[in-house]
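Read the structure below first, then the notes.
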Amino acid sequence: MKVARFHAPGDIRVEDAPEPVAGPGELLIRVRNCSTCGTDAKILKFGHHHIRPPRVMGHEIAGEVVTGTGAFEPGDRVQVIAAIPCGECGECRRGRMTVCPNQESMGYHYDGGFAEYMVVPAKVLAVDGVNRIPAGVGFAEASVAEPLACVLNGQELARVGPGDDVVVIGSGPIGCLHVRLARARGARRVILADLNPDRLEMAAVLVNPDAALHGDDVTEAVLKLTEGRGADVVITAAASGVAQEQALGMVARQGRISFFGGLPKDNPIIRLDSNLVHYRELTIVGANGSSPAHNKQALELIATGAVPVADLITHRLPLTDVLEGIDIVMRGEAIKVTVEP
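Using full-length UniProt numbering, read the sequence shown as starting at 1 and increasing by one per residue.
This is the structure:
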């Protein structure tokens, strides 16, 4: 079969590999879609400390069961979680699976979905990390459940709810999903902002925010749109320390800020006016991945149409073109790119 393997920074190769065989308690699936994201681009450029090459990449996975186990039978259409909590530590027992200190990941610790076939480890099934795809949901849409699950976790932590004015900074696929989920959760207005005018325009046509703001600093525009009050929630869906700093200037009193996009490891420090947090009673939350339960909820949101995702998939490529797909992501020329092995 064909796979896309990471060998070193700048070195991802599409190459031949033997078809894998499922062991006890494992599933063998025929991968139908594995979508790409900004993390894949970062791995290509910098590598990752959890990846010991060579490693088959890809973590937004949907496919069809070939060899079943337990409740799963050949032919079942399934979506697979990316982040694998251990299910046994103190955090997992408290229901905090997104911050499991023993977390592993598909495409990092285990071969992922940029392959024609892949094995789903037994520990994924042990934490209920394989979900049947609802009827009417395609494999490509199901692969977007993983990033939507991360977005759902972030909005739960930031308590996005009815009547909120929400600003989303970053108009990539994650930003688009944030816009749609905020609407589904009852937000009053959703404002989308980005530095890249072309990507912002492409995203705005699809997700139709109440306002689309372009510029280095959109703080004044946000304050004007909110009659000087500021936004109830600001979500920084971009790897930008500047955006995180600016978020404090555009959030309302008792507002919530989600630092959704992680910063580069070599530049993670920002300037933060602690008195603004103190006197305005602000809440700043992080967001780290998703739990198996979030993946189930994300599939349901897609299946019911509460959060449509099919139109966000702007590029469909064969596995042989996976590098081109990652390059499109890096250039900001797509919303969502999916690979169809």
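A virtual CB, placed ideally from N, CA and C, is assigned to each residue, including glycine.
The model shown is predicted, which means the values in this text are computed figures rather than measured ones.
In this structure, DSSP gives A17 a state outside helix and strand, which the three-state scheme calls coil. Exposure of D273 is indicated by the presence of fewer than 16 other C-beta atoms within 10 angstroms of its C-beta. Counted as a single uninterrupted DSSP element, the stretch harbouring L317 is not any alpha helix (DSSP H) but the beta strand (DSSP E) occupying residues I313 to P318. Runs of the alpha helix (DSSP H) lying entirely within the region 206-286 and spanning at least 4 residues, in chain order: 219-225, 241-250 and 274-279. The Cβ neighbour count for G58, taken over all protein chains shown within 10 Å, is at least 16; the residue is labelled buried.
Per DSSP, reduced to three states, the secondary structure at H7 is strand. Contact between E64 and R77 holds, with the beta-carbon distance rounding to 6 Å and staying under 8 Å. DSSP, read as helix, strand or coil, puts R183 in helix.
Here T36 is buried, its C-beta having at least 16 other C-beta atoms within 10 Å.
Counting only the Cα atoms, F46 lies some 33 Å from M250. DSSP places I29 within a strand segment (E or B) once states are collapsed to three. Annotation for T219: Q246, G249 and M250 place their beta carbon closer than 6 Å to its own, counting only its chain and skipping 5 residues before and after. Contact between I51 and E146 does not hold, since their C-beta atoms are separated by about 18 Å, which reaches or exceeds 8 Å.
With the rule of 3 Cβ pairs closer than 8 Å, the region 159-174 does not count as touching the region 128-140.
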